[in-house]
Amino acid sequence: MSWPRRLFLLNAARLAAASSALLHAAPSNAAGYPFSLGVASGSPLPDGVILWTRVAPDPLDETKTPSLALTLRWEVAHDGAFRNIAAKGSAVATPELAHSVRVDVRGLQPARWYWYRFMLGDAVSPVGRTRTAPAPDSMPDSLKLAVASCQHWEFGSYAAHRYIEQANPDLISLLRCILLPKP
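Residue 173 is where the sequence shown ends in the working numbering, and the numbering goes up by one at each step.
Below is the structure:
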């Protein structure tokens, strides 16, 4: 083995070790990020929707979440940049409900897309997008539905969600699955 090849291999080993350390080290701000489970919405009405999130810095270790009530702020906007706020308020995440919150937002316009987010201190949740139901006396020209079932994370990503997003449906129904052990 010549010297340049040894130098190359030594530097490659150092780079691999450094990369491995970076990949396995959590960013300093991620350790306490409260919205690791994201956000969700559902139960659309012509004038409102239900918003949901859960404060869980580490969902598999409940000791990482303080055992006290936490007040979250939430916003619903007409635009993804949150320049035009449609509704806002606060909700309390209690230990008794595993620090999950469910917000019933009312006063929205029918058949309209909205963006929403939650905040706790300086932490901001991922932005979700939701849509209110059509007005009761209206008849939409079309209605595009998507139905998805459970996924098995151990076997990889669930690609159906990507295709559902690309199809831009008016309503998505995610069926709840109960997996029973084999007899």
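No residue lacks a Cβ here, since even glycine has one placed at the ideal position from N, Cα and C.
Note that the structure is predicted; figures quoted are calculated from it, not measured.
With contacts defined by Cβ atoms closer than 8 Å, P47 and T53 do not form a contacting pair. Note that the C-beta distance between T122 and A149 is not below 8 Å.
Only residues of its own chain outside the window of five on either side were considered, and among them P36 have a CB closer than 8 Å to the CB of P126, listed in chain order. When Cβ pairs closer than 8 Å are counted between the two stretches, the segment 83 to 92 is seen not to touch the segment 111 to 119, the count staying below three. Membership of R44 in the beta strand (DSSP E) is indicated by the continuous run G38 to R44.
The Cβ atoms of G32 and I40 sit closer than 8 Å to each other. Less than 8 Å divides the Cβ of Y104 from the Cβ of T120.
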